[in-house]
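> Dumping the structure here so I can ask a few things about it.
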Amino acid sequence: MRRLFIGAAAAVGAVAILALSGMAFGHPPGELLRILLVGSIGSPFALQATLIKTVPLLLTGLSVVIAFRAGVWNIGAEGQFIVGALASFLVARFGLMAALLASIVAGAIWASIASLLRFWRGAPEVLTTILLNFIGFHLLGYAVNGPLQEARGQYPQSEVVPPKAVLPAIDGIHAGLLVAVILAIAAWVMLYRTEEGLRLRATGFNPRAARWAGVNVNAQIARAMAISGAIAGLAGGIELLGVTHRLFERFAAGYGYSGIAVALLAQLHPLAAVLSAFFFGALTTGAGELQRSANISATIATFGQAVVILTVIAFGAFHARD
Amino acid sequence: MKLEHVSKSFGATIAVDDVSLTVEAGEIVGLVGENGAGKTTLMRIIAGELEPNRGMVTLDGSVGFVHQHFLLVSEFTIAENLRLALGREVQFDRPQRLIRDLSVGEKAKVELMKAIAPKPRLLILDEPTSVLTPAETSELFQTIERLAHDGTSVLLISHKIAEVLAVATRTVVMRRGRIVADGKNMSADDLATAMVGVRGAPPTPAAPRKTPARSAALHFQNLTVSPGEIVAIIGVAGNGQTELATTLRDTLPRRTTAHIPEDRARDGIIAELSVADNLALGAKTSARTLIERFDIRTESPQQRAGSLSGGNQQKVLLARELDRRPEIIVAAEPTRGLDIEATQFVHAQMRASADDGGAIVLITSDLDEAFALADAIHVIYRGNLSDRLSPADAATNAGRLMAGLQ
Numbered sequence: 051m052r053r054l055f056i057g058a059a060a061a062v063g064a065v066a067i068l069a070l071s072g073m074a075f076g077h078p079p080g081e082l083l084r085i086l087l088v089g090s091i092g093s094p095f096a097l098q099a100t101l102i103k104t105v106p107l108l109l110t111g112l113s114v115v116i117a118f119r120a121g122v123w124n125i126g127a128e129g130q131f132i133v134g135a136l137a138s139f140l141v142a143r144f145g146l147m148a149a150l151l152a153s154i155v156a157g158a159i160w161a162s163i164a165s166l167l168r169f170w171r172g173a174p175e176v177l178t179t180i181l182l183n184f185i186g187f188h189l190l191g192y193a194v195n196g197p198l199q200e201a202r203g204q205y206p207q208s209e210v211v212p213p214k215a216v217l218p219a220i221d222g223i224h225a226g227l228l229v230a231v232i233l234a235i236a237a238w239v240m241l242y243r244t245e246e247g248l249r250l251r252a253t254g255f256n257p258r259a260a261r262w263a264g265v266n267v268n269a270q271i272a273r274a275m276a277i278s279g280a281i282a283g284l285a286g287g288i289e290l291l292g293v294t295h296r297l298f299e300r301f302a303a304g305y306g307y308s309g310i311a312v313a314l315l316a317q318l319h320p321l322a323a324v325l326s327a328f329f330f331g332a333l334t335t336g337a338g339e340l341q342r343s344a345n346i347s348a349t350i351a352t353f354g355q356a357v358v359i360l361t362v363i364a365f366g367a368f369h370a371r372d
Numbered sequence: 043m044k045l046e047h048v049s050k051s052f053g054a055t056i057a058v059d060d061v062s063l064t065v066e067a068g069e070i071v072g073l074v075g076e077n078g079a080g081k082t083t084l085m086r087i088i089a090g091e092l093e094p095n096r097g098m099v100t101l102d103g104s105v106g107f108v109h110q111h112f113l114l115v116s117e118f119t120i121a122e123n124l125r126l127a128l129g130r131e132v133q134f135d136r137p138q139r140l141i142r143d144l145s146v147g148e149k150a151k152v153e154l155m156k157a158i159a160p161k162p163r164l165l166i167l168d169e170p171t172s173v174l175t176p177a178e179t180s181e182l183f184q185t186i187e188r189l190a191h192d193g194t195s196v197l198l199i200s201h202k203i204a205e206v207l208a209v210a211t212r213t214v215v216m217r218r219g220r221i222v223a224d225g226k227n228m229s230a231d232d233l234a235t236a237m238v239g240v241r242g243a244p245p246t247p248a249a250p251r252k253t254p255a256r257s258a259a260l261h262f263q264n265l266t267v268s269p270g271e272i273v274a275i276i277g278v279a280g281n282g283q284t285e286l287a288t289t290l291r292d293t294l295p296r297r298t299t300a301h302i303p304e305d306r307a308r309d310g311i312i313a314e315l316s317v318a319d320n321l322a323l324g325a326k327t328s329a330r331t332l333i334e335r336f337d338i339r340t341e342s343p344q345q346r347a348g349s350l351s352g353g354n355q356q357k358v359l360l361a362r363e364l365d366r367r368p369e370i371i372v373a374a375e376p377t378r379g380l381d382i383e384a385t386q387f388v389h390a391q392m393r394a395s396a397d398d399g400g401a402i403v404l405i406t407s408d409l410d411e412a413f414a415l416a417d418a419i420h421v422i423y424r425g426n427l428s429d430r431l432s433p434a435d436a437a438t439n440a441g442r443l444m445a446g447l448q
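In order, the protein sequence lines correspond to chains A and B. Quick note, the first sequence lines up with residues 51 to 372 if you use the working numbering. Quick note, the second sequence lines up with residues 43 to 448 if you use the working numbering.
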């Protein structure tokens, strides 16, 4: 209950601060709030846009939840998202299932590089995953300017994926939404209703005590990292096959980093992540509307994320590890 | 320096219990006792780092305190560390070397310099020789004697009886928060006996046990534990008990072995998880049943394990570890810090497990506990186990073995 309250307080606080900061641009806060609301959930079109943004946010959020719950600081969802999409694109000609599977495997492998460096060299994953993000980002940049560039060669972007690899959609909402929600439930079951989930959480809270209790701590860490990477990779695959249909340089759009905000606002609870992802999806969509009708930069959504994270940390509800 | 009826407790644990002590100028007082006897707490009270709950501390001049652990910035040079601590330059051999490049002996010298440069009237050294080579130790003792000759009082905390006898002009023994012996001409035997509190007659041996239901025995070095047997490992803390427990953890098959780690809060329960989750990490039986059977006082199975009292945390651990009827049980300090009721409960559980055929290793610094439970005893000293002793033999020899005199 207390955790739910803190989450809600952080979200409301963030929106309130956003609205107040709009005064700096000479807009009354009430007016800004109205634009934010209408622009995010006020019309079928806006709601659709919000839901489409919710999908990658929820998936990267779940990715971060799993890793942080195990006490591994995977800051690499962004890079895993990118390599997932790249792998998806490469095998798209074999169909939808192959493309999704490729994104999962690629994300898991990319994240596991950080695990390997941790076990082999003791390198902290906070650093290695961030560095892997840069590698992933530039790999994508190279691909869309080089081997994967569209045949016309006009823009730094790839061709579109073949139709048979495109995710089915109803009313503009692709099937990725269903996948993401099912994964949220699955993550909850795994974390809170299975022995392996208990061992994972024990590892995250107190690896020493977990070891004494007979938990293979390194195996838990490696597995959590791989699952976390797999989900972030899948997020990239779904974004490619459901929304953009092609790769381009700014493809990841910060979804990996936003996943950290989603997970923290949800206080690392996979079901709460559904609400949290929807909130940030709405915030991003609403911020776009703010830019169009009030001429306030859409980066204000990023500002909102920062406020939420700081609020959650300030309330002290987030302590996965000492 | 004068202490009058000083007491200090942390929560329910009494660390220092009504201690009075006077140290004259130029005296070198050796303070010995087991870990947890209250030595370090008492020294921290004298140094002003802790406030006593009761009693008076009278000091004539300043106190220099060399802590057991190095308090040095390892990326700084010697000179920088000394300036940081003292606020001025001090003479030292090659002061531009980085702390991290120094040997432990040299680090100890820097620590000592930090303490003696302000010319304190009283110098406290907490286990200063534990990391030193014999040559460094004798060099340190020469320094101490020179300081004492110049009028500084020295309080030297140590486990090592021989060293204390070599340098101290007077020896004080602490046990369970109290001063149990204080004198100028004590023999090593007197000290060892006072330190560990070995009593003359061992308690009546436990009744012969039923035929064990299980058959796995434990063999490790010269340690053999048969099914249905409790073998105690006793010794002054820091002689390899922790390493022994860790080695047993990493070598014995986890499926058939239970472990009660010595540091309950850090290695035992997982404070952030619920009681039910902590139990489920090892036990098969439902949390509600275990809470009832082990009499765990908790509001609900969903309560955070970290919010339980120490005794109830230990019950959670016992329930988690014993529910699967392990063949081997390694319990390290299973009753440390527990009240009498909880201690009796833990002892009853260990006896019951032995009666049920479990092979039990009890690593303890509580000799009363060892004598109350054990069928046989080994003394651990500097990482080595003594021969297997009967409780009666142990009662006569344990003190000397624990002090490394035999």
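In this text, a Cβ means the ideal position worked out from N, Cα and C, and glycines have one as well. Bear in mind that the values here come from a model prediction, so they are computed numbers and not experimental data.
1) For leucine 167 of chain B, which three-state DSSP category applies?
2) Answer with yes or no whether the minimum CB distance from phenylalanine 329 of chain A to chain B is below 8 Å.
3) Please report the Cβ distance between isoleucine 276 of chain B and alanine 440 of chain B, rounded to the nearest whole angstrom; I am assuming they are in contact, meaning their Cβ atoms lie under 8 Å.
4) Where isoleucine 120 of chain B and leucine 167 of chain B are concerned, what is the direct C-alpha to C-alpha distance, given to the nearest angstrom?
5) I want to verify the contact list: residues of chain B whose CB lies under 7 Å from the CB of glycine 264 of chain A, in sequence order.
6) Residues in the same chain with beta-carbon distance under 7 Å from threonine 385 of chain B, minus the five sequence neighbours each way, listed in chain order, please.
7) Comparing the C-beta of aspartate 429 of chain B with each C-beta of chain A, is any distance below 8 Å?
8) Buried or exposed: where does leucine 297 of chain A fall if 16 or more other Cβ atoms within 10 Å of its Cβ makes it buried?
9) Mind checking which residues open and close the beta strand (DSSP E) that includes leucine 265 of chain B?
10) Please name the residue, chosen from A:Leu108, A:Gly292, A:Thr335, that lies closest to proline 218 of chain A on a Cα-to-Cα basis.
11) To the nearest angstrom, how far is it from the Cα of tyrosine 205 of chain A to the Cα of alanine 137 of chain A?
12) Give a yes or no on whether the minimum CB-CB distance between arginine 366 of chain B and chain A is below 8 Å.
13) What in chain B is Cβ-close to leucine 314 of chain A, meaning under 9 Å?
14) Ends of the alpha helix (DSSP H) at aspartate 319 of chain B?
15) Hey, valine 99 of chain B and leucine 45 of chain B: beta-carbon distance below 8 Å or not?
16) Quick check for students: name the residue ranges of the alpha helix (DSSP H) that lie wholly in the stretch 189 to 256 of chain A, counting only runs of 4 or more.
17) Would you give the residue range spanned by the alpha helix (DSSP H) that alanine 412 of chain B belongs to?
18) Which residues in the same chain have their Cβ closer than 6 Å to the Cβ of alanine 329 of chain B, if we skip the five residues on either side of it in sequence?
19) In terms of alpha-carbon separation, which member of B:Leu189, B:Phe52, B:Arg136 lies closest to asparagine 95 of chain B?
20) Note down, in chain order, every chain B residue with its Cβ under 7 Å from the Cβ of leucine 318 of chain A.
21) Which residues in chain A sit within 7 Å of proline 303 of chain B, going by Cβ to Cβ distance?
22) Find out if the Cβ-Cβ distance for the pair leucine 290 of chain A, phenylalanine 139 of chain A is shorter than 8 Å.
23) List, in order along the chain, the chain A residues whose C-beta lies closer than 9 Å to that of arginine 308 of chain B?
24) With 8 Å set as the bound, which would you pick, yes or no: does the beta-carbon of alanine 252 of chain A sit closer than that to a beta-carbon of chain B?
25) Flag this pair as yes or no: are the beta carbons of valine 215 of chain B and phenylalanine 183 of chain B separated by less than 8 Å?
26) Ordered along the chain, which non-local residues of its own chain (more than five positions away) have a Cβ less than 7 Å from that of lysine 50 of chain B?
27) Does the Cβ of glycine 256 of chain A have 16 or more other Cβ atoms within 10 Å, making it buried, or fewer, making it exposed?
28) Short of 8 Å in beta carbon distance, which residues of its chain neighbour leucine 189 of chain A, apart from the five on each side in sequence? Order them along the chain.
29) Given a threshold of 16 other Cβ atoms within 10 Å of its Cβ, counted over all protein chains shown, does glutamine 356 of chain B qualify as buried or as exposed?
30) Can the beta-carbon of histidine 295 of chain A be found closer than 8 Å to that of valine 216 of chain A?
31) Cα separation between leucine 198 of chain A and glycine 191 of chain A?
32) Give a yes or no on whether 8 Å exceeds the smallest Cβ distance from leucine 333 of chain A to chain B.
33) Is DSSP giving threonine 213 of chain B helix, strand or coil here?
34) On the three-state DSSP scale, how would you describe lysine 44 of chain B?
35) Can you tell me which residues form a DSSP beta bridge with arginine 142 of chain B?
36) By DSSP's criteria, phenylalanine 298 of chain A is part of a beta bridge. Which residues make up the other side?
Once the coordinates are examined:
1) Residue state, collapsed to three classes: strand.
2) For phenylalanine 329 of chain A, the answer is no, since every Cβ of chain B falls outside 8 Å of its Cβ.
3) Confirmed, Cβ separation roughly 6 Å.
4) Using only the alpha carbons, I get a separation of about 20 Å.
5) Within chain B, the residues placing a beta-carbon under 7 Å from that of glycine 264 of chain A are Arg296, Gly324, ordered along the chain.
6) The residues are Thr377.
7) No, no contact with chain A.
8) It is buried - the Cβ of leucine 297 of chain A has at least 16 other Cβ atoms within 10 Å.
9) Segment 265 to 267, the beta strand (DSSP E) holding leucine 265 of chain B.
10) That would be A:Gly292, whose Cα lies nearest to the Cα of proline 218 of chain A.
11) Taking the straight line from one Cα to the other gives about 21 Å.
12) For arginine 366 of chain B, the answer is no, since every Cβ of chain A falls outside 8 Å of its Cβ.
13) Those within 9 Å of leucine 314 of chain A in chain B number zero; the least Cβ separation is about 17 Å.
14) Here the alpha helix (DSSP H) through aspartate 319 of chain B covers 317 to 322.
15) In this structure, leucine 45 of chain B lies closer than 8 Å to valine 99 of chain B by Cβ.
16) The qualifying runs are 226 to 243, 245 to 255.
17) For alanine 412 of chain B, the enclosing alpha helix (DSSP H) begins and ends at 409 to 415.
18) For alanine 329 of chain B, where only same-chain residues beyond five positions count, the Cβ hits under 6 Å are Ala318, Leu321, Pro343.
19) Measuring from the Cα of asparagine 95 of chain B, the nearest candidate turns out to be B:Phe52.
20) None at all; the shortest Cβ gap to chain B is about 11 Å.
21) Ordered by position in chain A, the residues that pass the 7 Å Cβ test against proline 303 of chain B are Trp262.
22) Against a cut-off of 8 Å, the Cβ pair of phenylalanine 139 of chain A and leucine 290 of chain A comes out as a contact.
23) Correct list: Asn256, Arg258, Ala259.
24) Taking a beta-carbon distance threshold of 8 Å, alanine 252 of chain A counts as an interface residue toward chain B.
25) Note that the C-beta distance between valine 215 of chain B and phenylalanine 183 of chain B is not below 8 Å.
26) Counting only Cβ-Cβ distances below 7 Å, and skipping sequence neighbours, we find Ala57, Val58, Thr83, Ile87, Leu92, Pro94, Asn95.
27) With the sequence shown as reference, residue 256 of chain A is identified as asparagine, and glycine is not the correct amino acid for it. By the Cβ-count criterion, asparagine 256 of chain A is buried, with 16 or more other Cβ atoms from all chains shown falling within 10 Å of its own Cβ.
28) Excluding positions up to five away in sequence, the list reads Ile132, Val133, Leu136.
29) Per the 10 Å Cβ criterion, buried.
30) At the C-beta level, histidine 295 of chain A and valine 216 of chain A come within 8 Å of one another.
31) In a straight line, the C-alpha of leucine 198 of chain A is about 10 Å away from that of glycine 191 of chain A.
32) It does not; no Cβ of chain B falls within 8 Å.
33) Three-state result, threonine 213 of chain B: strand.
34) DSSP places lysine 44 of chain B in strand when its eight states are reduced to three.
35) Looking at the DSSP assignment, arginine 142 of chain B forms no beta bridge with any residue, so it has no partner.
36) Paired residues: A:Gln207.
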